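Under my numbering, the first residue of the sequence shown is numbered 95, with each subsequent residue one higher. Working notes, structure below.
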Amino acid sequence: MSNPAFAFEKTLKNRTKKEILADKLTDMILTGLLRDGDELPSERELAQLFGVSRETVRGALAQLTAHGLISVSHGSKTRIRADEETLARCRPATADATSREMNRFDVDSVFESRIVVEAAIARRAAINIDDKGIEGLEQLLDAQSRLFDAPVHFQLSDQNFHKLISEYANNEILLRYAEELYAFGLHIRRQVMREPGAIERSYHEHRHIVDGLKRGDPDAAERAMLAHLDSVYRTTKTKLTTSQT
Numbered sequence: 095m096s097n098p099a100f101a102f103e104k105t106l107k108n109r110t111k112k113e114i115l116a117d118k119l120t121d122m123i124l125t126g127l128l129r130d131g132d133e134l135p136s137e138r139e140l141a142q143l144f145g146v147s148r149e150t151v152r153g154a155l156a157q158l159t160a161h162g163l164i165s166v167s168h169g170s171k172t173r174i175r176a177d178e179e180t181l182a183r184c185r186p187a188t189a190d191a192t193s194r195e196m197n198r199f200d201v202d203s204v205f206e207s208r209i210v211v212e213a214a215i216a217r218r219a220a221i222n223i224d225d226k227g228i229e230g231l232e233q234l235l236d237a238q239s240r241l242f243d244a245p246v247h248f249q250l251s252d253q254n255f256h257k258l259i260s261e262y263a264n265n266e267i268l269l270r271y272a273e274e275l276y277a278f279g280l281h282i283r284r285q286v287m288r289e290p291g292a293i294e295r296s297y298h299e300h301r302h303i304v305d306g307l308k309r310g311d312p313d314a315a316e317r318a319m320l321a322h323l324d325s326v327y328r329t330t331k332t333k334l335t336t337s338q339t
């Protein structure tokens, strides 16, 4: 049985961890998970979130600064720079097409697909996950428990939470589908996460998923994942409806 770890260790090969982290943060900006003016977590928080050293975080942020994607002022927070001119310069030619392709689908189709993909991921992860994977998820939960008033920071952790579980499915196709489906309607999820109690609710749903994974129980892990996806679907659809009226 394979023993997958965080994406950095799994895909390192000839690239440095700071390069991989820089690419990951850049992708979060290009897909809209991080937006212009968003405040990044501290170096310490980013190191915990991504399971790397503060030196790695510092090197990755230096690369983003060089590309003009973040602004760092002495004594103040690091903020995202993602105006249209900056995005046009940094975005690959295929990125806009991919984003438009995903967001042209309706919310029902997307979440029907997420149910199929992530239910399978949860079941496989419950069978394959090891102590290191559980430890990584517990660390993410610990961070999330302190982010109830930080929607942007929580979304970063949320994406990593789902990504880590997907890695333990040991299926690259499922992993890719899950990542693409997650990108649907991120601007709406940002609005949902700002509603009172939304982050805390997601945190507790995540906790139930991890409980099933810790027990190595595919049925429990699948039930918890489906309950979480149902909650995400209902809140996303409600927000979409209200924003269109």
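Beta carbons: idealized from backbone N, C-alpha and C, even for Gly. As the structure is a prediction and not an experimental result, all values here were calculated from the model.
Problem - Contact under 8 Å by Cβ, A213 with L320 - result: Yes.
Exercise for the section: Note down the Cα distance separating Y327 from H161, rounded to an integer number of angstroms. Expected result: One Cα belongs to Y327, the other to H161, and the distance between them is close to 35 Å.
Exercise for the section: State the Cα-Cα distance for the pair T330 and R283, rounded to the nearest angstrom. Expected result: Computed Cα separation, rounded: 6 Å.
Practice task
Please decide whether D313 counts as near chain C, where near means a Cβ-Cβ distance under 8 Å.
Solution key: Absent from the structure: chain C. Only one protein chain is present.
Problem - One or two residues paired with E273 in a DSSP bridge - result: In the DSSP output, where bridge partners are listed per residue, E273 has none listed.
Problem - C-beta contact flag for I215 and L268 at 8 Å - result: Yes, the Cβ-Cβ distance between I215 and L268 is below 8 Å.
Exercise for the section: Can you have a look at T110 and say buried or exposed, based on whether 16 or more other CB atoms are within 10 angstroms of its CB? Expected result: So T110 counts as exposed.
Problem - Minimum C-alpha distance to V204 - residue among D305, F278 and P312 - result: Per the Cα distances, F278.
Problem - K112 to L163 span [Cα, whole Å] - result: Taking the straight line from one Cα to the other gives about 15 Å.
Practice task
Determine the direct distance from the alpha carbon of E266 to that of V146, and round the result to whole angstroms.
Solution key: C-alpha separation (whole angstroms): 23 Å.
Handout entry: Reduced DSSP category for S165 - H, G, I as helix; E, B as strand; rest coil
Key = Residue state, collapsed to three classes: strand.
Exercise for the section: Measure the alpha-carbon distance for V166 versus L235 and round it to whole angstroms. Expected result: Roughly 28 Å between the two C-alpha positions.
Exercise for the section: Can you say whether A210 is buried or exposed, counting buried as having 16 or more other CB atoms within 10 angstroms of its CB? Expected result: According to the sequence provided, residue 210 is Val. The question's Ala does not apply to it. Under this definition V210 is an exposed residue.
Exercise for the section: Helix, strand or coil for T335, going by three-state DSSP, please let me know. Expected result: Looking at T335 - three-state DSSP - the assignment turns out to be helix.
Problem - Cβ-Cβ distance between Y262 and A314 below 8 Å - result: With contacts defined by Cβ atoms closer than 8 Å, Y262 and A314 do not form a contacting pair.
Practice task
Report yes if the CB atom of A116 is closer than 8 Å to the CB atom of L158, and no otherwise.
Solution key: It is a contact, given that the beta carbons lie within the stated cut-off.
Exercise for the section: Going by CA-CA distance only, name the one from E137, A156 and L155 that's closest to R148. Expected result: Checking every option, the nearest Cα to that of R148 belongs to E137.
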